[in-house]
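Protein chains in written order, with this note's numbering: chain W, 9 to 238; chain S, 4 to 409.
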């Protein structure tokens with residue numbers, strides 16, 4: 009469960025203040041597949057980064073599973089991200105010098121509650137799930153964009169996070185690969201009851217979301233289940 | 004920082020070096036290797052010169068330990084008993100007396116002032132490799148009289164005109180020629196040149212050697228006196244040990260006992276100090292170059308990987324892991340660079356052992372000890388770690404948003 013209360017983020021650009029987020033209040037339930045949509049510059053990515061502990065809000069409060077994440081120190085935030093959150097970025101963000109298997113295993117290797125065997129087995133399992141087990145010894149540059157994004161999803165999933173954040177994961181993909189990726193998200197959401205928060209600006213993606221919030225100028229202008237507006 | 008984090012940091016470092024830019028890795032290793040070689044080259048060459056001079060001083064001048072007249076005395080007296088005493092001591096290979104006398108050589112129209120050294124040829128063989136340095140004719144026999152061996156520079160070259168000579172000579176004396184020696188005490192004698200030698204040590208090469216038997220005819224004091232006694236140590240015995248033994252057995256009462264190191268510290272002290280200062284400057288410059296180069300290499304590496312670093316932090320990789328990733332890269336590059344540097348140094352040392360830089364005064368080889376290699380390796384390794392960890396520390400502290408925006 010994510011509770012967001014009056015979240016504000018103000019960027020200062022010279023003498024001008026930009027309200028990237030202007031008092032966002034929102035609850036996200038466990039197992040929800042939430043889509044954040046809006047025009048460019050509406051604050052979608054900023055909100056996702058706040059929720060994913062990648063950026064600090066100017067004011068407001070975020071509570072994830074009862075933890076006020078604003079009170080965590082730098083190390084605790086790192087550990088929170090490692091154990092509780094998963095990320096999929098627009099440009100895949102894989103480590104170019106690591107193989108597919110090593111990229112996927114990386115977050116799991118750092119977990120203290122996993123043995124080497126468990127890490128390997130978990131990575132293998134998630135690679136099987138995304139259908140790239142046979143490419144596990146390849147480097148990211150040897151894969152297509154769609155394959156790289158699937159690897160990125162596998163890396164996000166390997167630690168079985170409570171929440172999966174995806175920042176325009178299909179932005180660099182054609183429609184066929186986009187659909188493959190979105191189908192994968194849907195499958196993960198349904199099979200593991202995985203909370204997914206995804207930023208998108210493609211209208212046809214909304215078919216995959218349980219709920220969609222729309223942002224404009226840092227404010228929520230609509231919040232409702234798929235096809236509805238609140 | 005736990006074992007798992009270190010393992011991940013090492014894996015990231017290893018993969019970056021294995022699968023990243025190969026030319027950058029090779030270039031960095033090459034630079035570290037060259038810096039190492041630069042650090043060690045000049046000091047080793049100075050050490051080589053020092054060793055070369057020391058060896059020549061030991062071989063052709065004073066042996067390992069020198070017994071010279073006590074203050075106020077002109078000669079080491081009672082030479083027979085003193086030699087018996089010294090030769091019977093543990094650690095002494097052989098002791099041999101030298102009696103020297105200034106003289107004027109005459110050959111045809113040439114006149115040359117030299118020092119004539121009287122030796123016991125057989126004993127001298129145990130102390131000095133002079134007998135192996137004959138370039139013409141043969142070495143002195145124990146009972147030779149009327150015969151001398153002379154240095155090649157003294158003999159000279161008949162094809163060089165007197166006014167063109169770098170060093171005054173007799174203008175081309177050959178084995179079998181007769182030269183006239185005037186000792187200045189009224190004793191003048193013609194000698195047959197039995198051999199010509201060349202040692203490379205200018206003081207020895209500018210001298211003339213006769214037997215002690217012959218010198219006794221020139222100056223009867225040579226029978227039981229010496230200007231000095233050179234003592235050669237057996238392998239495995241230190242000069243200091245021999246000196247202590249000689250003093251303990253009372254040789255100090257007959258003459259002044261000094262090791263080669265004692266003598267060189269006085270005569271070459273200032274030169275050695277100058278060498279030490281130049282070595283220090285060379286070392287500091289090399290360390291600065293290495294540190295700056297590695298700092299630049301790692302800074303470029305981290306700056307070009309800022310986004311990557313932001314992503315790693317975003318997925319839960321701790322900043323310490325990121326810092327140690329670059330730290331390990333520097334450690335690996337440093338170790339490989341040092342290994343290359345050691346290899347280059349040893350190849351150079353080997354090459355210079357066969358092709359020394361030769362001057363009229365000394366020949367320079369690289370004198371490298373395992374301790375030199377170890378010390379320079381440690382210094383360079385520490386410099387590399389500092390140079391690598393500073394930018395790695397800075398970049399790992401950058402916030403995720405700033406890093407990811409680049």
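In this text, a Cβ means the ideal position worked out from N, Cα and C, and glycines have one as well.
From a predicted model like this one, the values you see are computed outputs, not experimental measurements.
Between residue 182 of chain W and the set W:49, W:18, W:155 and W:161, the nearest pair of CA atoms involves W:155. Taking CB atoms only, residue 180 of chain W has no neighbour in chain S less than 9 angstroms away. When DSSP reads this structure, residue 276 of chain S sits in no beta bridge, so it has no partner. Between the stretch 55-69 of chain S and the stretch 193-201 of chain S there are fewer than three inter-stretch CB-CB distances shorter than 8 angstroms, so the stretches are not counted as touching.
In the pairwise beta carbon analysis, the stretch 293-304 of chain S is classified as not touching the stretch 86-100 of chain W: fewer than three pairs are separated by under 8 angstroms.
In summary, residue 83 of chain W is exposed, with fewer than 16 beta-carbon neighbours lying within 10 Å of its beta-carbon over all protein chains present. Nearest neighbour of residue 248 of chain S by Cα position, chosen from S:335, S:345, S:402 and S:92, turns out to be S:92. The beta carbon of residue 315 of chain S falls within 9 angstroms of a beta carbon belonging to chain W, placing the residue at that interface.
Following the DSSP letters along the chain, one finds residue 151 of chain W in no alpha helix (DSSP H), marked with neither H nor E. For residue 318 of chain S, the nearest CB of chain W lies under 9 angstroms from its own CB, placing it at the interface with that chain. Only 57, 60, 62 and 63 from the stretch 37-71 of chain W bring a Cβ to less than 8 angstroms from some Cβ of chain S.
Chain-order list of chain W residues neighbouring residue 8 of chain S: 118, by C-beta distance under 8 angstroms. Residues of the stretch 391-403 of chain S with a C-beta atom less than 7 angstroms from some C-beta of chain W are 403, listed in chain order.
Chain-order list of chain W residues neighbouring residue 23 of chain S: 104 and 105, by C-beta distance under 9 angstroms.
About 5 angstroms separates the Cβ atoms of residue 218 of chain S and residue 102 of chain S, confirming a contact at the 8 angstroms cut-off. DSSP places residue 380 of chain S inside the alpha helix (DSSP H), whose first and last residues are 373-399. Using beta-carbon distances, residue 101 of chain W counts as an interface residue toward chain S, with a partner under 9 angstroms. In the pairwise beta carbon analysis, the stretch 35-51 of chain W is classified as not touching the stretch 278-287 of chain S: fewer than three pairs are separated by under 8 angstroms.
By the CB criterion at 9 angstroms, residue 228 of chain W and residue 96 of chain W fall outside the cutoff.
Non-local beta-carbon contacts of residue 120 of chain S in its own chain, meaning distances under 8 angstroms to residues more than five positions away in sequence, involve 101, 102, 103, 210, 211, 212 and 213 in chain order.
DSSP, read as helix, strand or coil, puts residue 206 of chain W in strand. Residues of chain S with a Cβ closer than 7 angstroms to the Cβ of residue 90 of chain W are, in chain order, 319. Its Cα nearest to that of residue 244 of chain S, the residue S:94 stands out among S:12, S:94 and S:64. Taking the Cβ atoms as the reference, residue 11 of chain W lies roughly 5 angstroms from residue 35 of chain W, within the contact range of under 8 angstroms. The stretch 22-35 of chain S and the stretch 263-276 of chain S do not touch, with fewer than three beta-carbon pairs separated by less than 8 angstroms. Short of 6 angstroms from the beta carbon of residue 196 of chain W, and not among the five residues preceding or following it, lie these beta carbons of its own chain, in chain order: 202. Put simply, of S:227, S:270 and S:39 the residue whose alpha carbon is nearest the alpha carbon of residue 78 of chain S is S:227. In the three-state DSSP reduction, residue 173 of chain W falls in the strand class (E or B).
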